[in-house]
Structures are given as C-alpha cells and as structure tokens.
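*Asks:* Sharing a structure here in structure tokens format.
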Amino acid sequence: MDLGLSGKSVIVTGGGSNIGRSIVLGFAAEGAHLTVGDIDVEQAERVGEAARGSGAASVEIVPTDVTQMEQVQKLVGAAVNNHGTVDVLVNNVGWDQLMFFTQTDPEFWQKVIQINYMGVLNCTKSVLDVMIENQHGAIVSISSDAARQGEPREAVYGGIKAAINSFMKTIARENGRFGIRCNAVCPGITIPEQDEEVGSTSMWVDKDSMFTEEQLVKVANNMPLRKVGRPRDVANAVLFLASDAVAGHVTGQVLSVSGGYSMVG
Ligand SMILES: NC(=O)c1ccc[n+]([C@@H]2O[C@H](COP(=O)([O-])OP(=O)(O)OC[C@H]3O[C@@H](n4cnc5c(N)ncnc54)[C@H](O)[C@@H]3O)[C@@H](O)[C@H]2O)c1
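Take any residue in the sequence shown, count from 1 to its spot, add 9: that is its number in the numbering used here.
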C-alpha cells in the first residue's frame with residue numbers, strides 16, 4: 010500500500026533511540042525527507058546513516074533539546090529551509106525513571122514535565138505556525154498506555170502523558186479547519202531488539218534497572234497477546250496516522266499499541 014509519504018518533509022524528535030529510531034527508519038523506507046532532533050547527536054547520526062542507506066530522500070540531524078524553544082525553532086527552521094515546509098511532526102521524545110510517587114521529589118517532577126510536556130508544546134507550536142500557513146500537516150505525539158492505565162511507578166509521567174492525549178485532541182479541534190490532523194499513539198512496554206538500538210541517553214541504556222527478564226515475562230503474560238511490544242509496532246501506527254493517503258479522515262484519536270494492555274471503548 011502506498012502511504013504517499015515519499016518526498017514529504019518529516020520531523021522526528023528523539024529519533025536516535027528505540028521507538029524514535031524505528032520511526033525514522035520507517036519514514037526512510039517510505040522515501041521521506043527526515044529532519045531529526047535529538048540531544049544525543051552521535052547516536053542520531055548512526056540512525057541517520059542507516060536511514061540514508063534504506064531509502065530516505067534526505068536526512069539531517071539537528072542537535073536539539075526539545076525543552077528549549079530556541080533550539081526547537083532551529084530544528085523546524087532547518088526542515089523549512091531545506092524542504093520548504095513541514096508535512097509531518099512526530100513528537101517522540103519522552104523520559105521517565107520508574108519509581109513510586111512517594112520516592113520522587115519536585116526536582117524529578119519538573120524534569121518529567123519539562124521533557125515530556127514542554128517538549129511537545131514547544132515542537133507543536135513551532136510546526137503549527139508553518140502548517141497553518143501551508144494549510145496542511147499531520148502531528149503524531151507518542152504518549153503511553155501509562156496515561157490510560159494508571160501505571161504504578163509512573164505517576165507523574167502517566168499524568169503528563171494523559172495531558173498529551175488531551176492536548177492533542179484540543180489541537181485537532183482547533184486546527185482541523187486548516188487541514189491539520191493531530192493524533193496520539195500510546196505504546197505499552199516496548200523493548201529494543203538489540204543494544205545498539207539505544208543511545209547513551211536512552212531510558213533503556215540500563216534495561217535491567219527498568220525491568221528484569223523475569224519481570225518482562227510476567228508483563229508479557231499479562232497482555233492479551235502474551236508479548237511485549239517492539240519499536241516497529243509503534244512505528245507502523247505512526248506511519249499510518251502520518252499518512253493522508255490512508256488516515257486522511259482520522260484526527261483527535263488516541264491509539265494504543267500495546268498488545269491489548271488497555272482497551273478503550
Ligand atoms: N519504550 C517503552 O516501553 C515506551 C512505552 C510507552 C511510551 N513510550 C514513549 O515512547 C517514546 C520513545 O520512547 P523510547 O523507549 O524509544 O525512549 P528512549 O529513551 O530509548 O529514547 C528517547 C530519545 O529521546 C532523546 N531525548 C531525551 N531527552 C531529550 C530532549 N530533551 N531533547 C531531545 N531529545 C531528547 C534521547 O536522546 C533518545 O534518543 C517516549 O515518548 C516514551 O515516553 C515508550
């Protein structure tokens with residue numbers, strides 16, 4: 010099926026690692042122009058090389074901390090300068106450390122809020138200015154099933170991801186008239202297949218501190234599909250939602266990609 014993404018100008022944040030890496034490679038295989046913002050430039054460059062080798066029309070890595078508006082504007086400016094527009098933004102950056110709420114403090118809450126929420130606000134505002142002018146665009150934000158389930162050890166993160174779901178619905182309502190579609194994807198636990206798929210700033214750099222192998226087996230057994238997710242599972246949903254050809258009438262939706270972990274009617 011032709012997703013019609015060939016030659017499109019696509020920005021992916023956090024494209025250096027795990028899910029973001031797979032999203033970059035997915036758009037590359039569709040022949041898109043990629044502008045990738047990440048704080049881990051070395052790892053993002055590695056992914057950029059792989060993307061160039063697997064069909065991307067072009068790839069530019071722009072060192073970007075999404076919590077900093079000036080850096081985000083440079084990221085968006087790079088896409089516009091090179092390709093004249095931004096057709097797709099994927100807000101993929103996210104960060105957490107698994108702890109019970111009682112173990113956390115205001116400094117930690119601020120970090121979770123800044124990276125997970127302010128990053129999405131900065132990137133969304135910056136591309137909307139371009140997309141509204143061009144009367145066209147698709148925004149996909151990577152949220153989490155933690156927003157839908159109330160996941161232990163992810164209290165602040167889950168609350169912020171719920172905020173992202175709500176934010177994306179409002180942005181969808183406000184900007185549909187400009188031909189802009191906005192949706193969110195909620196992964197469940199999504200594990201890198203190989204160590205080289207994660208960078209030094211990834212949440213998964215010390216995988217055992219997140220989940221031991223024994224815990225992963227238990228998690229998988231609790232899923233209706235009896236398996237944990239892989240990055241490509243999430244990337245496929247992002248490609249669908251980014252494509253006007255197949256999802257041109259889909260906006261304001263929150264799609265779980267989690268082996269049935271959450272089921273929302
Ligand atoms: N992996 C999972 O199990 C899972 C589950 C639910 C939701 N998610 C969400 O999916 C998204 C991707 O998760 P992942 O597992 O691939 O994460 P990851 O930690 O492996 O990768 C995150 C990437 O974002 C970059 N990054 C971090 N902070 C940044 C900042 N301030 N500015 C720019 N780049 C920054 C990192 O360098 C890294 O390349 C996140 O939004 C996460 O919350 C992941």
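Note that the Cβ used here is the ideal one computed from N, Cα and C, for glycine as well. Predicted, not measured: the structure shown is a model, and the values here were computed from it.
#1: For a test of your reading of the model: does the CB of Trp118 fall under 6 Å from any non-hydrogen atom of ligand 1? Yes or no.
#2: Would you call Phe110 buried or exposed, if buried means 16 or more other Cβ atoms sit within 10 Å of its Cβ?
#3: In the DSSP assignment, find the unbroken beta strand (DSSP E) run with Ser135 in it and report its ends.
#4: Within 6 Å: the Cβ of Ser18 and any heavy atom of ligand 1?
#5: Output the residue ranges of the alpha helix (DSSP H) runs that lie fully inside the region 46 to 106 and measure 4 residues or longer, sorted by chain position.
#6: Quick one: Cα of Arg239 to Cα of Glu202, how far?
#7: Would you tell me roughly how many angstroms separate the C-alpha atoms of Thr94 and Ser18, rounded to the nearest one?
#8: Hey, is Thr221 close to ligand 1, as in C-beta under 6 Å from one of its heavy atoms?
#9: With distances taken between CB atoms, is the gap from Ser15 to Gly40 smaller than 7 Å?
#10: Does DSSP put Leu264 in a helix, a strand or coil?
#11: Reducing DSSP to helix, strand and coil, say where Ile148 ends up.
#12: Is Thr199 near ligand 1, with its Cβ less than 6 Å from a heavy atom?
#13: Compute the Euclidean distance between the alpha carbons of Val45 and Ile173, then round it to the nearest angstrom.
#14: Which residue's Cα is closest to the Cα of Glu206: Asn101, Thr22, Gln52, Met10?
#15: Run through DSSP, which three-state label would Pro115 get?
#16: Does Val194 come out as helix, strand or coil in the three-state DSSP assignment?
#17: Ignore the nearest five residues each way along the sequence and tell me which others in Ile122's own chain have a CB closer than 8 Å to its CB.
#18: Which of the three DSSP states is assigned to Ile200 in this structure?
#19: Please list the segments of the alpha helix (DSSP H) lying wholly inside the region 164 to 193, counting only runs of 4 or more residues, in order along the chain.
#20: For the alpha helix (DSSP H) holding Ile20, just list the boundary residues, first then last.
*Replies:* Put simply:
#1: Trp118: no, Cβ never under 6 Å from ligand 1.
#2: Result: exposed.
#3: Unbroken run through Ser135 is the alpha helix (DSSP H), 128 to 143; no beta strand (DSSP E).
#4: In this structure, ligand 1 has no non-hydrogen atom nearer than 6 Å to the beta-carbon of Ser18.
#5: DSSP runs (the alpha helix (DSSP H)) wholly in the region 46 to 106: 50 to 61, 78 to 92.
#6: Going by the C-alpha atoms only, they are around 7 Å apart.
#7: Rounded to whole angstroms, Thr94 and Ser18 show a C-alpha spacing of 7 Å.
#8: Checking the Cβ of Thr221 against ligand 1 gives no.
#9: Taking the C-beta atoms as reference points, Gly40 is found nearer than 7 Å to Ser15.
#10: DSSP places Leu264 in strand when its eight states are reduced to three.
#11: Of the three classes helix, strand and coil, the one that applies to Ile148 here is strand, per DSSP.
#12: For ligand 1, at least one heavy atom lies less than 6 Å from the Cβ of Thr199.
#13: Distance between the alpha carbons of Val45 and Ile173 is about 21 Å.
#14: Cα-wise, what sits closest to Glu206 is Gln52.
#15: The three-state secondary structure of Pro115, taken from DSSP, is helix.
#16: Val194 falls in the strand class under three-state DSSP.
#17: Result list for Ile122: Val165, Ile169, in chain order.
#18: In the structure shown, Ile200 sits in coil (DSSP, three-state: anything other than H, G, I, E or B).
#19: Runs of the alpha helix (DSSP H) inside the region 164 to 193: 164 to 184.
#20: Counting along the chain, Ile20 falls outside any alpha helix (DSSP H), though it belongs to the beta strand (DSSP E) covering 18 to 22.
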